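K.L.:
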Amino acid sequence: MRHLMSPMDFSVEELEKLMDLANDIEKNPEKYSEKCKGKKLATCFYEPSTRTRLSFESAMMNLGGQVLGFASADSSSVAKGESVSDTIRVISCYADICAMRHPKEGAPLVASKKSLIPVINAGDGGHEHPTQTLTDLLTIRSLKGNIGNMTIGLCGDLKFGRTVHSLINALVRYENIKFILISPGELRVPGYIRHDVLERNNIPFEEVERLEDAMPELDILYMTRVQRERFFNEEEYLRMKGFYILDEEKMELAKKEMYVLHPLPRVNEISVEVDEDERAAYFKQAQYGVYIRMALILTLLGMAE
Amino acid sequence: MLNISGIHEGYVLDHIRAGKAMKLYNYLHLSDFDGTVAMIMNVESSKMGRKDIIKIEGPLDTIDLDVLGYFDHNITVNVIHGDKIVDKKILRLPKKITNVITCNNPRCITSIEQGLDQVFVLADEEKKLYRCQYCEEKYSSKGHRK
Chain P
1 MRHLMSPMDF
11 SVEELEKLMD
21 LANDIEKNPE
31 KYSEKCKGKK
41 LATCFYEPST
51 RTRLSFESAM
61 MNLGGQVLGF
71 ASADSSSVAK
81 GESVSDTIRV
91 ISCYADICAM
101 RHPKEGAPLV
111 ASKKSLIPVI
121 NAGDGGHEHP
131 TQTLTDLLTI
141 RSLKGNIGNM
151 TIGLCGDLKF
161 GRTVHSLINA
171 LVRYENIKFI
181 LISPGELRVP
191 GYIRHDVLER
201 NNIPFEEVER
211 LEDAMPELDI
221 LYMTRVQRER
231 FFNEEEYLRM
241 KGFYILDEEK
251 MELAKKEMYV
261 LHPLPRVNEI
271 SVEVDEDERA
281 AYFKQAQYGV
291 YIRMALILTL
301 LGMAE
Chain D
1 MLNISGIHEG
11 YVLDHIRAGK
21 AMKLYNYLHL
31 SDFDGTVAMI
41 MNVESSKMGR
51 KDIIKIEGPL
61 DTIDLDVLGY
71 FDHNITVNVI
81 HGDKIVDKKI
91 LRLPKKITNV
101 ITCNNPRCIT
111 SIEQGLDQVF
121 VLADEEKKLY
131 RCQYCEEKYS
141 SKGHRK
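Sequence lines, in order, name chains P and D.
Numbered as in this note's numbering, the first sequence ends at 305 without a single skipped number.
Numbered as in this note's numbering, the second sequence ends at 146 without a single skipped number.
1) Mind listing, in chain order, the continuous alpha helix (DSSP H) runs of no fewer than 4 residues lying wholly within the region 222–273 of chain P?
2) Under 8 Å Cβ to Cβ from D:H130, same chain only, skipping five residues before and after it: list those, please.
3) Can you check DSSP and say which residues form a bridge with D:Y139?
4) If the cut is a Cβ gap below 9 Å, which residues of chain D does P:S83 touch?
5) Indicate whether at least one CB of chain D lies closer than 9 Å to the CB of P:E278.
6) For a cutoff of 9 Å on Cβ pairs, would you count P:P103 as touching chain D?
7) To the nearest angstrom, how far is the alpha carbon of P:A99 from that of D:G19?
8) Counting only beta-carbon separations shorter than 9 Å, does D:I80 have a partner in chain P?
9) Out of D:Y134, D:K55, D:N42 and D:M41, point me to the one whose CA is closest to D:C113's CA.
10) Does P:H127 get closer than 9 Å to chain D when you measure Cβ to Cβ?
11) Give the interface partners of D:R107 over in chain P, defined as CB-CB distance under 7 Å, in chain order.
12) With 8 Å as the limit, tell me which residues of the region 290–305 of chain P have their beta carbon closer than that to any beta carbon of chain D; keep them in chain order.
13) For P:H165, name the three-state secondary structure that DSSP assigns.
14) Out of curiosity, what's the CA-to-CA distance linking P:Y222 and P:G302?
15) Hey, D:I40 and D:I80 are a contact pair by Cβ (cut 8 Å); roughly how many whole angstroms apart?
16) Can you give me the start and stop residues for the beta strand (DSSP E) that P:G123 sits inside?
17) Report the partner residues of D:Y130 according to the DSSP bridge assignment.
18) Give a yes or no on whether 9 Å exceeds the smallest Cβ distance from P:V110 to chain D.
19) Jot down the residue ranges of each uninterrupted alpha helix (DSSP H) in the region 44–118 of chain D, minimum 4 residues, whole runs only, in chain order.
20) Can the beta-carbon of P:R101 be found closer than 9 Å to that of P:R162?
21) Measure from the C-beta of D:E137 to each C-beta in chain P and report whether the shortest distance is under 9 Å.
22) Less than 9 Å between the C-beta atoms of P:A286 and P:Y259, yes or no?
23) At 8 Å on the CB atoms, spell out the chain P contacts of D:Y130, in chain order.
24) When you compare each of D:G6, D:S31 and D:L13 to D:K88 by their alpha carbons, which one comes out closest?
25) When the cut-off is 9 Å and only beta carbons count, does D:Y11 lie next to chain B?
26) Cβ atoms of P:I152 and P:D219: under 9 Å apart, would you say?
27) What residues from chain P crowd round D:Y134, counting only those whose CB sits closer than 7 Å?
28) Which same chain residues end up closer than 6 Å to P:I177 when comparing Cβ atoms and leaving out the 5 residues on each side of it in sequence?
29) Using alpha carbons as the reference points, say which of D:D32, D:E44, D:G49 and D:A21 lies closest to D:A38.
30) Could you give the distance in angstroms between the alpha-carbon of D:K146 and the alpha-carbon of D:L68?
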């Protein structure tokens with residue numbers, strides 16, 4: 001039985017298969033609409049994350065399956081002190097597959113070791129959020145035709161941004177990827193990403209402070225939010241806050257086929273005027289999130305063929 | 001001069017840094033071991049100045065010595081059989097260590113889940129770096145080892 005704990009659990013070839021399936025689902029949704037009839041997905045969310053939970057539920061419903069679960073720890077037996085190991089043993093009796101979100105890092109791994117059904121990590125603290133990374137990869141591949149031979153800009157809080165670290169880890173396995181890392185000095189990618197991932201794999205990358213400087217070179221721009229409280233002082237925040245807000249003016253500097261991605265929710269780092277731009281792909285990305293979760297559910301249930 | 005007799009079958013762990021034998025005793029869970037253990041501490045050594053020695057009398061393969069590599073790979077492990085040294089084990093860093101060190105990350109599931117083993121996996125042999133199997137944080141010895 002297979003689980004998904006990290007995007008690196010799948011080889012590049014397996015990811016290609018998964019994304020092929022997701023694209024086939026996108027083109028022929030009716031072909032899959034009853035694939036999971038009689039199957040149940042348990043969404044065990046120990047902390048609220050409406051977007052991810054609804055994406056999983058939508059994915060299972062699109063496959064003709066049913067969903068059950070809980071949306072916060074308060075409404076589950078964890079409030080009575082039940083361990084993750086015990087909870088998953090019980091859930092294994094109720095459902096065929098489980099998506100688990102937990103504030104503690106490694107909780108889904110603990111669950112997978114005791115589970116009788118496939119477990120999907122739907123986010124564990126600051127550690128992993130593999131279905132977000134799979135969503136990002138599928139979006140890039142669907143928009144550009146393939147993953148590789150491109151310059152990818154990652155902008156915003158690159159120090160604490162879990163989605164960014166996961167995405168870099170996943171992308172270094174593809175051919176000829178260059179990164180431009182756009183962030184304030186205090187929010188640069190952590191040393192272990194720079195040394196152990198980028199330098200060790202001989203991946204070309206640049207670090208810049210201003211988004212404008214990077215725009216003309218990019219094929220993909222992955223935006224994340226820079227939070228005010230992450231800055232060391234107010235003065236720095238005021239000096240730099242405009243650097244990381246994407247607006248029409250900055251979009252004019254970009255290539256005609258440079259797509260903008262964002263894990264959402266956005267606050268103000270992308271002006272709403274950019275939504276009308278054909279290159280704004282972040283809502284499409286949310287749709288791809290459903291397709292990849294459908295493909296993942298089918299694959300882990302052994303129903304992909 | 002204190003004399004401790006030789007052993008018929010078991011291990012002699014030599015060249016332990018002086019003062020560390022008790023810690024090693026705990027790491028190896030020797031309090032649960034059903035054999036004779038002699039702790040010889042602060043012995044004069046031409047190589048080390050002072051050293052500790054542990055003699056363990058009992059059937060071979062009853063003690064998991066893998067953890068010694070993590071603790072200090074300079075320790076000499078003499079394997080005794082029929083009153084003679086029959087082997088000297090070369091210590092390597094174990095690929096995985098269980099219930100020897102604990103995760104310091106307060107966000108890790110090991111901080112709340114009952115009965116969960118503390119498992120660390122060797123991530124970088126050169127740097128002697130271990131990461132928690134669950135949260136993948138690297139192990140920092142602060143507050144744990146001197």
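For each residue, glycine too, the CB sits at the ideal point set by N, CA and C.
Given the structure is predicted, the values throughout are model-derived calculations rather than measurements.
P.N.:
Looking at the coordinates:
1) The qualifying runs are 234–240 and 248–251.
2) Here the question's residue 130 of chain D lines up with position 130 in the second sequence. It is worth fixing the name first, because residue 130 of chain D is Tyr in this sequence and not His. For D:Y130, where only same-chain residues beyond five positions count, the Cβ hits under 8 Å are Y70, I97, I101, F120, V121, L122, A123, K138 and Y139.
3) As a position in the second sequence, residue 139 of chain D is number 139, starting the count at 1. None, per the DSSP bridge assignment.
4) Locating residue 83 of chain P in the first sequence gives position 83, where the first residue counts as 1. Taking a Cβ-Cβ cut-off of 9 Å, the neighbours of P:S83 in chain D comprise I112, E113, Q114, G115 and L116, given in sequence order.
5) One-based indexing of the first sequence puts residue 278 of chain P at position 278. With 9 Å as the cut-off, P:E278 does not count as an interface residue toward chain D.
6) Counting from 1 along the first sequence, the entry for residue 103 of chain P is found at position 103. Answer yes: the Cβ-Cβ gap between P:P103 and chain D drops below 9 Å somewhere.
7) Along the first sequence, read from residue 1 onward, the residue named residue 99 of chain P stands at position 99. Along the second sequence, read from residue 1 onward, the residue named residue 19 of chain D stands at position 19. Put simply, the backbone Cα of P:A99 is about 49 Å away from that of D:G19.
8) Numbered from its first residue, the second sequence carries residue 80 of chain D at position 80. Not closer than 9 Å to any Cβ of chain P, the Cβ of D:I80 fails to qualify, so no.
9) Translated into positions along the second sequence, residue 113 of chain D becomes position 113. It is worth fixing the name first, because residue 113 of chain D is Glu in this sequence and not Cys. Of D:Y134, D:K55, D:N42 and D:M41, the residue nearest in Cα terms is D:Y134.
10) For the purposes of this step, residue 127 of chain P is taken as residue 127 along the first sequence, with counting starting at 1. Output row for P:H127: interface = yes.
11) Locating residue 107 of chain D in the second sequence gives position 107, where the first residue counts as 1. Result: K104, E105, G125 and G126.
12) none
13) The residue labelled residue 165 of chain P in the question sits at position 165 within the first sequence. The answer is helix: DSSP assigns P:H165 an H, G or I state.
14) By one-based count along the first sequence, residue 222 of chain P stands at place 222. By one-based count along the first sequence, residue 302 of chain P stands at place 302. When rounded, the distance between both Cα atoms is 32 Å.
15) The residue you call residue 40 of chain D lines up with position 40 of the second sequence. The residue you call residue 80 of chain D lines up with position 80 of the second sequence. Contact doesn't hold; Cβ gap of about 15 Å is too wide.
16) Taking the first residue of the first sequence as 1, we reach residue 123 of chain P at position 123. Bounds of the beta strand (DSSP E) holding P:G123 are V119 to D124.
17) The residue given as residue 130 of chain D occupies position 130 in the second sequence. Answer by DSSP bridge pairing, in chain order: D:L122.
18) What you label residue 110 of chain P is simply residue 110 of the first sequence in a count that begins at 1. Judged by the 9 Å Cβ criterion, P:V110 is in contact with chain D.
19) 66–71
20) Here residue 101 of chain P corresponds to residue number 101 of the first sequence, with the count starting at 1. Here residue 162 of chain P corresponds to residue number 162 of the first sequence, with the count starting at 1. Result no, Cβ atoms of P:R101 and P:R162 do not sit closer than 9 Å.
21) Stepping through the second sequence from its first residue, residue 137 of chain D is reached at position 137. Yes, D:E137 lies at the interface with chain P (some Cβ there is under 9 Å from its Cβ).
22) Indexing the first sequence from 1 puts residue 286 of chain P at position 286. Indexing the first sequence from 1 puts residue 259 of chain P at position 259. At the C-beta level, P:A286 and P:Y259 stay beyond 9 Å of one another.
23) Against the second sequence, residue 130 of chain D aligns to sequence position 130. Per Cβ cutoff of 8 Å: no residues; D:Y130 is ~14 Å from chain P at best.
24) Taking the second sequence and counting its residues from 1, one reaches residue 88 of chain D at position 88. Measuring from the Cα of D:K88, the nearest candidate turns out to be D:L13.
25) Of the chains in the structure shown, none is chain B; the protein chains are P and D.
26) One-based indexing of the first sequence puts residue 219 of chain P at position 219. One-based indexing of the first sequence puts residue 152 of chain P at position 152. A contact, by the Cβ cut-off of 9 Å.
27) One-based indexing of the second sequence puts residue 134 of chain D at position 134. From the beta-carbon of D:Y134, the residues of chain P found nearer than 7 Å are E105, G106, L109 and V110.
28) Taking the first sequence and counting its residues from 1, one reaches residue 177 of chain P at position 177. Within the same chain, P:I177 has close Cβ partners L171.
29) As a first step, residue 38 of chain D must be located in the second sequence, where it is residue number 38. When the alpha-carbon of D:A38 is set against those of D:D32, D:E44, D:G49 and D:A21, the nearest one is in D:A21.
30) The sequence position of residue 146 of chain D within the second sequence is 146, counting from 1. The sequence position of residue 68 of chain D within the second sequence is 68, counting from 1. Legend: pLDDT at D:K146 = 30, less than 50; position of this residue unreliable, value from coordinates given subsequently. Spanning the two alpha carbons is a distance of roughly 16 Å.
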